[in-house]
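Note that the UniProt record's numbering numbers the sequence shown so that position 677 is 677, with each residue one more than the last.
We put the CB at the ideal spot given by N, CA and C, even for glycine.
Below is one structure; the comments refer to it alone.
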Amino acid sequence: MQAEVNDILETSLQKAREHDRTGNVGKAYAYYTIVVELCPAKRSEIEETFTDVLCEWGIQLAQENRFSDIVHCYKHSLDIYPNNPRMLNNFAAHFLRNDDPIRAIEYLRRALKVAPNFLPAERNLQNAYSMAVDRWHFTMLNDKWRNNAFEQAIRKRINQGYDTVLDLGTGTGLLSLYVKDAGAKKIYACECSDVMTLIAKEVFESNDATDVKLIPKLSFDLKIPMDISERVKLIVTETFDAGLFGELVVPSMINVHMNILDPNGTVIPMGATVYTAAIECEHIRYRSSVIFDKVKENCPLNFHDVSVLSDDEYYDTENLEKVQINYVTEPQMLLTVNFNNLLELQEFCKDGIKQILRAKCKYNGIMDGLVTWFKLHLDEEITLDSSDRKSCWQLAVFPAVPTACHEGDTLTIKAEMSKSKLKCSYSTDNARAKEECKFLYRLPKEVIVFLNDFDYIKLLTEIGRYQESRKIKYILDTSPFPIYGLTLLKECKASEILYYKTDNPMLRSLIERVAQDNGIRGKVHMISNYDEIPCSLDSIFVHNFDIKGELRDGQDSCYEIFRYLLKRNGILLPEKIFLMGQLVYSKDLPNMAYVQDANLQKSSCPFNTHSDRSLDSKDDPHTRINTTNKSTNYVIAKYINKYKINQIFDLNSSLYSCEVFSEARTIIEINETETMEAIVNFGEIKTEKDIFPNALLWEEAPAVISQDAKKPECSSSSNTVSPDGDEEAIEVFHPRSQVILPPEENFESTTEFILQETSLNHSVNTLSGRLKHFIPVWKELFSDKVVEWLEGYIIPFTDPLIQLREPAEPNWSKNERMLLADHIRQLLFKGAIQE
1 MQAEVNDILE TSLQKAREHD RTGNVGKAYA YYTIVVELCP AKRSEIEETF TDVLCEWGIQ
61 LAQENRFSDI VHCYKHSLDI YPNNPRMLNN FAAHFLRNDD PIRAIEYLRR ALKVAPNFLP
121 AERNLQNAYS MAVDRWHFTM LNDKWRNNAF EQAIRKRINQ GYDTVLDLGT GTGLLSLYVK
181 DAGAKKIYAC ECSDVMTLIA KEVFESNDAT DVKLIPKLSF DLKIPMDISE RVKLIVTETF
241 DAGLFGELVV PSMINVHMNI LDPNGTVIPM GATVYTAAIE CEHIRYRSSV IFDKVKENCP
301 LNFHDVSVLS DDEYYDTENL EKVQINYVTE PQMLLTVNFN NLLELQEFCK DGIKQILRAK
361 CKYNGIMDGL VTWFKLHLDE EITLDSSDRK SCWQLAVFPA VPTACHEGDT LTIKAEMSKS
421 KLKCSYSTDN ARAKEECKFL YRLPKEVIVF LNDFDYIKLL TEIGRYQESR KIKYILDTSP
481 FPIYGLTLLK ECKASEILYY KTDNPMLRSL IERVAQDNGI RGKVHMISNY DEIPCSLDSI
541 FVHNFDIKGE LRDGQDSCYE IFRYLLKRNG ILLPEKIFLM GQLVYSKDLP NMAYVQDANL
601 QKSSCPFNTH SDRSLDSKDD PHTRINTTNK STNYVIAKYI NKYKINQIFD LNSSLYSCEV
661 FSEARTIIEI NETETMEAIV NFGEIKTEKD IFPNALLWEE APAVISQDAK KPECSSSSNT
721 VSPDGDEEAI EVFHPRSQVI LPPEENFEST TEFILQETSL NHSVNTLSGR LKHFIPVWKE
781 LFSDKVVEWL EGYIIPFTDP LIQLREPAEP NWSKNERMLL ADHIRQLLFK GAIQE
């Protein structure tokens, strides 16, 4: 019997390996499963291969939309390998792609329990938390002013007899707690999010509010008497975004008036007023439209009669307190809406134009679009203003093609409702502006941000120009817009075909137009998949990070494809990517990451509609002192903070201000084949205030390696010598930032911060001592004065690129400094300097 089992095992293992080798991972998985089930002793031996095969099989199943089969395979495999972190992480990734973050979180936590330092699982867990709970919940709950206003408006209405209440879109349940504390007789709370419903349930249980009936439904699905015994007297809701109507509050209000609210009942808030103004704002201009005049300063390509705007259908959101903004027109009231008038709401909800205004330009300038904000009237006395500098709401921005305006020009501003959301636009009577009208392309924001990164565009252009002497016939450019490839086609006579992968018809149209205007029509071949490329390529430019500042997923498999497509002597760019980091302190960033209960408590003071919250000395939302009424210490933070994050992706610089505490340092260096990490010493932290860094800003900086003899002159870039000493690396730093937040506690009062991001176990001092052994080598590289100075004082360094202190003597030449930096870097990364 055992002999037969052994034969089955041997045959199954052989077939599994054959199918794996030929790419038939489905059958390979089936045979490997037979092996690990029949012979537990072999499980550890083939675990890594089994995991690889399962991963590939899962990807194939996902492409065929066979999610139930994915679940079956992974669950069965985890019965065999319950503590495999890769398997747990990959299974969770499938749940994330299937928009099920709660189940993903379960497996990611298991993965991190087994392997606490497994970074893919940590990253996916951050994404899962962000998917499970929208980040605006955190800033909203930390807005003490908003919370105080709602609490007092609720108390007033309940004291007036509106004592049966529906909390519409309860979220964490905070408003329901205010309702209960104010003395309501019956309280209902509805919430459509599974995660927020779970949080609200825990909040109610911890705050002695289990008599609040929590209904896990959309308000549109509520029925009397199945869900609610009778019509309620008061509706409380805070389902408003920056554009006021974005969360479909108007159709929601119509529904509750018709089906839930008593005819003599009322709504909090009772109404809202929307305001607007045309603005000039460079920050908005660079995020929403391409500044082709500046692109053309650094690029040989022609962009005739072309304009580009973001393809966002409605509006963007910005906190314009922290950016320069000028109002081209005086602010005007745009719309009013009464949430207690059913007929008005029904009329307002219909698609179409709701208001047309005319406004005069106040000065000669540039118009970049419209902004809107609103005043939310909770009752006859209490009003919240979304334009308040510390409000949890941002402003709604309706960008437009930047247009010159002159004092006295008349704008016609139009507001309309479309699918229950607000749209705003304007036109001008300026004849000059009408003459300058260009063809408009609506493109993804990633393309806009890329083209407005003028240093990067200049770099790509110059690399393309300085390769004109090489015979580069076939090119692949994976950038959001193929500046490098188009430049080669135009400047290099030998270049014949550029392959560019996109399925966006508007982007294809723009690239074809640019190619035609630059005399290279027919040389750009659009593809949907890389297998459509019929030839080997001479040059490939890989843009392998996204608009959020992250390296794209699946880069290993992409590089395998690129290496297959590339000729043996072909060029693969960029050669390196540097991950840069900088320590900062910010009061704003914690608001986005976690909640403190001190911001949620009932106020001990009456709400003052005329007070300025900026004058409130106790306004810091993260103060450790709770000066509010001690009798209502709500417990909410511990439940929503289960989903707090320590990384904020795609960070918009208008959302926060910060104080810089260190120079930028290189944290990680990445090339095609390996990742080099480092101990980073950010140096002494000097501050007159009793605060210390609470965040690390980081961004990618690609270094494009030109193998040409001539070095591109890029004044805004920093140049370093590449490891073999005969190429020039040009670094350009990008505005795509991310933030890594530490725990809530402040750093200790130490004078140095060492960021451990490495497996190298040596200190700066140890390295400095070891470098003395290489002085004989330096004697061959440097002048006698430099060597003499080095012998007396070995300079510590803080990153792999060696940023040397400025010596008083001798006068270093730039070449000597770069040679020393390069030499130490090579010794370090080749393992010559070890602990």
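Item: Taking 6 Å as the cut-off, does the CB of threonine 273 come closer than this to any heavy atom belonging to the ligand SAM?; Value: Judged by which ligands are present, the structure shown has none, so any question about the ligand SAM falls away.
Item: Taking the alpha carbon of valine 274 as the reference point, which residue from Glu344, Arg513, Ser386, Ile34 has its own alpha carbon closest?; Value: Ser386
Item: Counting C-beta neighbours from all protein chains within 10 Å, is the total for phenylalanine 204 16 or more, i.e. buried, or is it exposed?; Value: buried
Item: Buried or exposed: cysteine 658, going by 16 or more other Cβ atoms within 10 Å of its Cβ?; Value: buried
Item: What residue from Ser509, Asp531, Ser528, Asn529 has the CA that sits closest to arginine 521's CA?; Value: Ser509
Item: Please report the Cβ distance between aspartate 588 and tyrosine 656, rounded to the nearest whole angstrom; I am assuming they are in contact, meaning their Cβ atoms lie under 8 Å.; Value: 4 Å
Item: Counting only runs that start and end within the stretch 328-373, where is the beta strand (DSSP E) found for 3 or more residues in a row?; Value: 332-338, 352-360
Item: Identify the continuous alpha helix (DSSP H) that holds tyrosine 178 and give its terminal residues.; Value: 174-181
Item: In angstroms with no decimal places, state the Cα-to-Cα distance between leucine 334 and threonine 276.; Value: 6 Å
Item: Quick check on the DSSP output: the beta strand (DSSP E) that includes leucine 378 runs from which residue to which?; Value: Leucine 378 -> no beta strand (DSSP E), and no H or E assigned at all.
Item: Decide yes or no for the touch test of the stretch 299-310 against the stretch 322-336: beta carbon pairs closer than 8 Å, at least 3 of them.; Value: no
Item: What does the alpha-carbon distance come out to for the pair isoleucine 679 and leucine 651?; Value: 25 Å
Item: In chain order, what residues of the same chain have a beta carbon less than 8 Å from the beta carbon of aspartate 351, not counting five sequence neighbours either side?; Value: Glu416, Met417, Ser418, Lys419
Item: Which residue from Ser219, Asp69, Val267 puts its Cα closest to that of lysine 156?; Value: Val267
Item: Residues in the same chain with beta-carbon distance under 6 Å from methionine 140, minus the five sequence neighbours each way, listed in chain order, please.; Value: Cys392
Item: From which residue to which residue does the beta strand (DSSP E) around serine 586 run?; Value: Where serine 586 is concerned, there is no enclosing beta strand (DSSP E), given that its DSSP letter is neither H nor E.
Item: Between Ala272, Leu451, Ile353, Pro402, which lies nearest to aspartate 379 when the distance is taken from Cα to Cα?; Value: Ala272
Item: Could you give the DSSP three-state label for methionine 676: helix, strand or coil?; Value: strand
Item: Nearest-angstrom Cα distance between aspartate 312 and glutamate 462?; Value: 32 Å
Item: Runs of 4 residues minimum, wholly inside the stretch 100-183: which ones carry the alpha helix (DSSP H) assignment?; Value: 101-114, 119-132, 136-141, 144-159, 174-181
Item: Excluding five sequence neighbours on each side, which residues of the same chain lie with their C-beta closer than 6 Å to the C-beta of glycine 243?; Value: Tyr315, Ala396, Leu422
Item: Between which two residues does the beta strand (DSSP E) harbouring arginine 568 extend?; Value: 566-573
Item: How big is the Cα-Cα spacing for phenylalanine 562 and valine 542?; Value: 9 Å
Item: Quick one: Cα of residue 837 to Cα of isoleucine 691, how far?; Value: Any question about residue 837 goes unanswered here, given that the chain covers just 1 to 835.
Item: For alanine 189, list the residues DSSP reports as bridge partners.; Value: Asp167, Leu214
Item: Could you check the C-alpha separation between isoleucine 511 and phenylalanine 481 for me, to the nearest Å?; Value: 8 Å
Item: Whole-angstrom Cβ separation of isoleucine 235 and leucine 198, contact assumed at under 8 Å?; Value: With a Cβ gap of about 23 Å, isoleucine 235 and leucine 198 do not count as contacting.
Item: Can you tell me which of Arg123, Ala62, Glu550, Leu370 puts its alpha carbon nearest to the alpha carbon of arginine 86?; Value: Arg123
Item: So what does DSSP say about cysteine 281, is it helix, strand or coil?; Value: coil
Item: Below 8 Å, how does it come out for the stretch 452-460 and the stretch 287-298: are there three or more Cβ pairs, yes or no?; Value: yes
Item: What do you get for residue 840, buried or exposed, if any count of 16 or more other CB atoms within 10 angstroms of its CB means buried?; Value: The shown model of the chain, from 1 to 835, leaves out residue 840, and the question about it has no answer.
Item: Who are the Cβ neighbours of tyrosine 594 in its own chain at under 6 Å, not counting the five residues just before and after it?; Value: Asn641, Lys644
Item: When the Cα atoms are used, what is the spatial distance from arginine 665 to glutamate 684?; Value: 14 Å
Item: Leaving aside the five residues before and after arginine 484 along the sequence, list all residues of the same chain whose C-beta is less than 6 Å from its C-beta, in chain order.; Value: It should be noted that the sequence gives tyrosine, not arginine, for residue 484. Excluding positions up to five away in sequence, the list reads Leu460, Gly464, Asp477, Phe541.
Item: Hey, would you say leucine 88 sits closer than 7 Å to alanine 111, going by beta carbons?; Value: yes
Item: Give me the residue from Phe240, Lys233, Lys185 with the minimum Cα distance to threonine 170.; Value: Phe240
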